[in-house]
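Just so we're aligned, residue 161 is where the sequence shown starts under the working numbering, counting upward by one. Don't be surprised by glycine CBs; every beta carbon is placed ideally from N, CA and C. Working notes, structure below.
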Amino acid sequence: MILFCLFCIVPTIAEAVDYWAPWVTKTTTNSATINWRGECDGSGSIDYATSDYYNHDQTFEKTITSQTTARYQHVQLTGLEPNTSYIYKVKPSGDEDAFSNRTFRTMPVSGPFTFIVISDSQEGHNYTEEKRFKYVADAIAKEPDVLFILHGGDYARKDDESLWTIFFQVADGMLAKSAIFPTIGNHEYHNPNGESYPPTAADHYRWAFNMPLNYYSFDCAGIRFISLDSPDPNNAHGDDPHTSPSLAQRQETWLRDQLDNTMSGTFTIHHHPIWEDGRTTINSDLEPWEDLYHRYHISANFAGHAHTYQRFLVEGVVGVMGIPYFIVGNAGGPFVDLTDTKPVWYQFGTTRRLGYLKVFVDPANNTATAQSVIVAYVNENDSNETPTVYDPPVIDETVTFPLSVKPSVIEPGGSGGSGGGCFIATVAFGSYFDPSVKILRDFRDTFLFTNHVGQSFVNWYYKVSPPIADFIRTKAIMKTVVRIILLPAVGFAYLCLKVGVLPTLLVLLFSAAVIYLGIRRFIIKAFREWCAQKQPSGLT
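In structure tokens form, the structure reads like this:
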């Protein structure tokens with residue numbers, strides 16, 4: 161009898177653990193996808209209505225039934241109204257009362273909106289997500305009027321069912337109110353069998369979010385959001401994928417098409433940062449993206465991976481404000497220390513402070529305001545300590561920046577370019593931020609943009625150089641050749657910036673004269689010696 165009871169109880173317990181409360185993805189002005197995880201080979205239905213309808217009638221207006229039989233369900237609601245709050249209830253087969261009512265809001269056609277950015281919510285080696293990420297998720301759940309959440313990757317420490325279950329349990333409150341737009345991180349590939357095993361296929365990420373590709377875009381109120389794929393499982397140390405030039409280049413053409421838009425602004429997000437504390441140079445693997453960011457002057461870039469909060473203001477086009485780059489890797493993963501080695505673009509950073517980035521977008525005024533919200537702090541990077549909570553959360557910094565900036569140094573209607581137009585030099589020297597490229601850029605700004613002849617030359621250069629630069633980019637030997645050819649120009653530009661054009665020209669003319677006289681003297685001397693050798697012996 162006892163054995164029979166155990167057989168009855170165990171399936172009930174297992175089934176309860178299997179359910180993942182619903183989450184919303186892929187919201188648009190007129191549609192949304194409702195996701196949940198239920199029983200094996202299950203299905204279900206969704207009751208839904210606008211919040212106004214439900215609150216007035218205390219009942220749902222419509223029902224849609226899942227057309228697939230699977231543990232992971234992804235059901236699209238269509239025919240929705242823009243900028244409208246909806247209440248829905250998922251009824252999984254086997255237990256129609258497993259979930260309570262939840263809400264989401266469709267995208268507005270225009271007008272202001274607020275979104276949240278988080279990344280790296282995974283557990284540490286010495287604590288679970290309940291000890292850190294839960295504080296962040298609970299604080300986000302209390303935020304009013306959040307339209308959606310951007311997650312920069314690393315949801316759980318490994319591609320493991322039990323760890324992903326914890327993520328959805330901990331994130332339940334915030335996912336009950338707002339849609340989530342995911343980005344893949346390196347931990348999505350981490351093998352539950354251990355670091356010595358190869359990367360997985362990021363199964364739980366794909367099952368949960370039903371993403372056909374690891375990169376995609378969506379639009380909201382005239383603003384474009386682009387999520388890119390930075391961890392390359394073909395470039396892994398053990399089970400840990402890193403960035404690679406080939407992965408970035410495979411997305412380059414698609415990214416260019418997404419950035420070449422008439423939107424009021426563009427945000428990008430990817431897991432690995434382009435700039436970060438601990439080094440002074442760019443992540444060269446992601447340079448193709450960086451070049452495009454400056455060519456089209458995006459609104460801002462978000463990343464994670466470095467378990468800190470960092471902000472950079474990266475110069476792009478001359479005469480306009482730089483692009484803000486945010487690292488928002490403080491949602492729960494083991495923190496790392498900030499170092500004294502930083503890129504020149506570094507503005508602000510903190511560590512061991514749990515939080516998220518809250519961004520208010522106002523297209524009508526061409527502004528976005530980002531607030532670094534801190535909900536708690538810890539004393540150790542990776543410990544099981546209970547965080548000290550800020551109630552209410554505190555604002556570490558507030559940054560306002562333009563959504564769209566049009567370069568004014570180029571002829572009206574013209575376009576700038578990658579890194580303000582230094583296409584060939586950027587490719588040859590490997591980075592827009594290489595010191596040699598900066599010298600050429602400063603020379604252009606100081607001497608060429610200040611007169612009509614120089615401006616005409618620059619505009620002509622901007623028209624003819626991009627395809628040349630694209631060709632050079634694909635040929636390693638061409639990069640070396642062009643770099644050697646450009647070195648004299650870099651030297652000339654450096655002298656002009658230090659002492660002025662006229663003194664530099666005088667120095668060059670003097671140097672040329674000295675070289676000419678030296679060569680002339682050498683040739684005359686050599687000729688006389690040759691003549692002396694040819695003179696018959698015995699003649700005086």
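Item                                                                                                                                                                                  : Value
Please determine, among Q693, W505, P182 and D602, the residue with the shortest C-alpha to C-alpha distance to D332.                                                                 : P182
Measure the beta-carbon distance from G515 to S281 and round it to whole angstroms, keeping in mind my assumption that it falls under 8 Å.                                            : That pair is no contact at about 12 Å.
Can you look up D363 in the DSSP assignment and give me helix, strand or coil?                                                                                                        : helix
What would DSSP say about R231, mapped onto helix, strand or coil?                                                                                                                    : coil
Would you tell me roughly how many angstroms separate the C-alpha atoms of I584 and G202, rounded to the nearest one?                                                                 : 57 Å
Looking at the C-beta of Y365, does it have a partner C-beta in chain D at a distance below 8 Å?                                                                                      : Absent from the structure is chain D; it holds one protein chain and no more.
Just how far apart, CA to CA, sit A460 and E450?                                                                                                                                      : 12 Å
Using only CA atoms, which one of Y295, R416, G198 and T228 lies nearest to D630?                                                                                                     : R416
To the nearest angstrom, how far is the alpha carbon of V549 from that of K251?                                                                                                       : 36 Å
Would you say T527 and L563 are within 8 Å of each other, going by their C-beta atoms?                                                                                                : yes
Confirm, please, whether the CB-CB distance from T510 to L446 is below 8 Å.                                                                                                           : no
Tell whether a beta-carbon distance below 8 Å holds between A692 and K639.                                                                                                            : no
Checking the sheet assignment: what are the DSSP bridge partners for F327?                                                                                                            : Beta-bridge pairing links F327 to no other residue.
With a threshold of 16 other CB atoms inside 10 Å of the CB of L669, please say whether the residue is buried or exposed.                                                             : exposed
How far does the alpha helix (DSSP H) with R688 in it reach, from first residue to last?                                                                                              : V661 to K694
Mind checking N353: buried by the 16 CB within 10 Å criterion, or exposed?                                                                                                            : exposed
Look up G509 in the DSSP assignment and say whether it is helix, strand or coil.                                                                                                      : strand
Please work out which residues of its chain come closer than 8 Å, Cβ to Cβ, to R680, disregarding the five sequence neighbours upstream and downstream, and give them in chain order. : none
Just verifying my parser: in three-state terms, what is the DSSP assignment at W180?                                                                                                  : strand
Can you list, in chain order, the stretches of the alpha helix (DSSP H) that have 4 or more residues and sit fully within the segment 367 to 442?                                     : 405 to 410 and 412 to 419
Of all the options G590, P242, I434 and K337, which has the alpha carbon lying nearest to the alpha carbon of K249?                                                                   : K337
Mind checking which residues open and close the beta strand (DSSP E) that includes S338?                                                                                              : Segment: none, S338 is in no beta strand (DSSP E) and carries neither H nor E.
Have a look at the DSSP bridge pairing and note the partners of N461.                                                                                                                 : T428 and Y485
Any idea if Q236 is buried or exposed, counting beta-carbon neighbours within 10 angstroms, 16 or more meaning buried?                                                                : exposed
Are the segment 348 to 367 and the segment 288 to 297 touching, with three or more C-beta to C-beta distances below 8 Å?                                                              : no
So what does H311 bridge to, in DSSP terms?                                                                                                                                           : I278 and P342
Does the segment 190 to 209 touch the segment 219 to 232, meaning 3 or more C-beta pairs lie closer than 8 Å?                                                                         : yes
Can you tell me which residues form a DSSP beta bridge with E557?                                                                                                                     : S532
Taking only three categories from DSSP, how would you classify G579?                                                                                                                  : Low confidence applies to G579: its pLDDT is 40, below 50, so where it sits in the model is not reliable enough to give any reading.
Measure the C-alpha to C-alpha separation of T606 and L657 and round it to an integer number of angstroms.                                                                            : 8 Å
Between which two residues does the beta strand (DSSP E) holding S245 run?                                                                                                            : S245 to P252
For D392, which option in R384, A339, I632 and Y375 has the closest C-alpha, if you only look at C-alpha atoms?                                                                       : Y375
From R317 to G284, what does the alpha carbon distance come to, in whole angstroms?                                                                                                   : 7 Å
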